[in-house]
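One structure is given here, and the rest of the page talks about it.
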Amino acid sequence: MKRIGVLTSGGDAPGMNAAIRAVVRKANYHDVEVYGIYHGYEGFIQGKMELLDLGSVGGIIQRGGTKLFSSRCPKFMEEKYRLQGIEKMKEAGIDGLIVIGGDGSYRGAYELTKLGFKCIGVPATIDNDIPGTDFTIGFDTALNTVVNAIDKIRDTATSHENTFIIEVMGRDAGDLALWSGLAAGAESVIIPEEPFDLDDIIARLKRGEARKKKHSIIIVAEGVMPASQLADMIKERTGIDIRITVLGHIQRGGSPTAFDRVLASRLGAYAVELLLEGKTCRAVGIKNQEVYDYDLQEIFTTKHQADISLYTLSKELSI
Ligand code: F6P
1 MKRIGVLTSG GDAPGMNAAI RAVVRKANYH DVEVYGIYHG YEGFIQGKME
51 LLDLGSVGGI IQRGGTKLFS SRCPKFMEEK YRLQGIEKMK EAGIDGLIVI
101 GGDGSYRGAY ELTKLGFKCI GVPATIDNDI PGTDFTIGFD TALNTVVNAI
151 DKIRDTATSH ENTFIIEVMG RDAGDLALWS GLAAGAESVI IPEEPFDLDD
201 IIARLKRGEA RKKKHSIIIV AEGVMPASQL ADMIKERTGI DIRITVLGHI
251 QRGGSPTAFD RVLASRLGAY AVELLLEGKT CRAVGIKNQE VYDYDLQEIF
301 TTKHQADISL YTLSKELSI
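The sequence shown begins at 1 in the UniProt record's numbering and counts up one residue at a time.
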């Protein structure tokens with residue numbers, strides 16, 4: 001293999017640039033050229049790409065977002081577009097692809113491998129919801145962004161003796177809510193993986209009040225319900241006037257943490273190694289600090305599991 005492609009797809013995640021850099025540098029180290037494909041699968045279909053040399057990925061390891069741009073591309077689920085894209089790649093002499101993204105991006109990669117085009121998936125999403133890897137690229141940065149935001153909100157919640165509900169991203173996964181809730185000492189954390197228990201949330205508020213604690217932080221994962229809906233439910237039962245903050249897309253931006261840069265560098269480089277060994281339909285991940293690879297299809301047959309021991313701990317510590 002002398003020429004490979006790399007693309008980023010789905011929601012951007014901090015550390016995607018570090019992964020692109022690792023792919024380019026590792027491939028160049030082995031005398032393999034890398035073409036950067038723009039706008040995810042949209043660019044794959046249209047053959048929108050550019051040769052990435054060593055210098056082109058200089059100065060991006062610390063940048064959030066993705067130099068290659070990203071998109072969600074529903075039409076890629078149609079075979080005619082995938083075949084069109086494969087043709088474009090063949091014309092350019094590209095016979096392997098590294099896809100950096102989340103589960104939707106992996107689906108596209110899997111469909112390409114069924115048509116005989118070699119692909120390796122690199123997990124990058126702030127949601128941390130890819131089965132088979134302990135962490136996805138971008139999660140740690142988003143987590144730190146959320147924790148910083150909660151810390152700031154706590155300042156004002158304390159000063160004004162308010163109860164705040166903070167809604168965090170994660171799609172159907174509770175990881176961002178869970179980890180940030182524990183890290184910021186939230187009074188309640190509500191995640192999709194655990195049964196919703198309004199009585200418990202209210203009991204916690206009451207317990208706080210009983211010991212003269214006048215402010216409270218409740219973290220709700222977007223996959224459970226909007227913060228506004230939860231605020232209405234609590235107000236109806238208690239009369240407490242609740243302030244809400246929806247953190248939104250600030251969670252996806254910003255310079256990647258050192259952890260995400262290292263993870264992205266390791267996973268990006270490892271994905272290149274796999275392609276050069278002639279492997280295909282593999283996903284790379286990290287388990288107990290070790291980089292490894294597994295069948296890409298596993299992400300469709302296994303469900304991501306949030307670490308429920310953190311949930312239990314968070315409840316115990318926020319009694
Ligand atoms: O998958 C990343 C993510 O930020 C989710 O947490 C969120 O639900 C979704 O993307 C938002 O997507 P969009 O930016 O397309 O609205």
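Ideal Cβ placement from N, Cα and C applies to all residues, glycine included. Please read all numbers here as calculations on a predicted model, not as lab measurements.
Next on the checklist: Assuming the contact rule is C-beta atoms closer than 8 Å, G132 and E298 should be a hit. Round their C-beta distance to whole Å, please.
Outcome noted: Here residue 132 refers to the residue found at position 132 when the sequence shown is read from its first residue. Here residue 298 refers to the residue found at position 298 when the sequence shown is read from its first residue. Their Cβ separation, rounded to whole angstroms, is 5 Å, which keeps G132 and E298 in contact under 8 Å.
Checklist entry - If you run the structure through DSSP and keep just helix, strand and coil, what is G285? => result Here residue 285 corresponds to residue number 285 of the sequence shown, with the count starting at 1. Here G285 sits in strand by DSSP.
Next on the checklist: Tell me whether D260, by its Cβ, gets closer than 6 Å to a heavy atom of the ligand F6P.
Outcome noted: As a first step, residue 260 must be located in the sequence shown, where it is residue number 260. False, no ligand heavy atom lies under 6 Å from that Cβ.
Next on the checklist: Give me the pocket residues for the ligand F6P, defined as CB within less than 7 Å of any heavy atom, sorted by chain position.
Outcome noted: Residues with a Cβ closer than 7 Å to any heavy atom of the ligand F6P, in chain order: G10, G11, R72, G102, T125, I126, D127, M169, G170, R171, E222, H249, Q251 and R252.
Checklist entry - Considering only residues of the same chain and omitting the five flanking positions on each side of F259, which have a CB-CB separation below 6 Å? => result As a first step, residue 259 is located in the sequence shown; it is residue number 259 there, counting from the start. The answer, listed in chain order, is D140.
Next on the checklist: Closest to R252 by C-alpha separation, out of K2, G278 and T145, would be which residue?
Outcome noted: If you number the sequence shown from 1, residue 252 lands on position 252. The candidate whose alpha carbon is nearest that of R252 is T145.
Next on the checklist: So, for V23: in the same chain, excluding its five sequence neighbours on each side, which residues have a beta-carbon less than 7 Å away from its beta-carbon?
Outcome noted: For this step, residue 23 is matched to residue 23 along the sequence shown. The beta carbon of V23 is closer than 7 Å to those of V6, V34, I98, G268, A271 and V272 in its chain, skipping five residues each way along the sequence.
Checklist entry - Can you give the Cα-Cα distance for Y110 and P226, rounded to whole angstroms? => result For this step, residue 110 is matched to residue 110 along the sequence shown. For this step, residue 226 is matched to residue 226 along the sequence shown. Their Cα atoms are separated by approximately 33 Å.
Next on the checklist: Taking its Cβ as the centre, do 16 or more other Cβ atoms sit within 10 Å of T156, making it buried, or is it exposed?
Outcome noted: Along the sequence shown, one-based indexing puts residue 156 at 156. T156 sits exposed, since fewer than 16 C-beta atoms from the chains shown fall within 10 Å of its C-beta.
Next on the checklist: Can you tell me which residues form a DSSP beta bridge with F164?
Outcome noted: Start at 1 with the first residue of the sequence shown, and residue 164 comes out as number 164. DSSP, once it has assigned bridges, lists I217 and R243 as partnering F164.
Checklist entry - Taking the Cβ atom as the reference point for each residue, do I286 and D134 lie within a distance shorter than 7 Å? => result Residue numbering aside, residue 286 sits at position 286 when the sequence shown is read from its first letter. Residue numbering aside, residue 134 sits at position 134 when the sequence shown is read from its first letter. Yes.
Checklist entry - Does DSSP put A173 in a helix, a strand or coil? => result For the purposes of this step, residue 173 is taken as the residue at position 173 of the sequence shown. The three-state secondary structure of A173, taken from DSSP, is coil.
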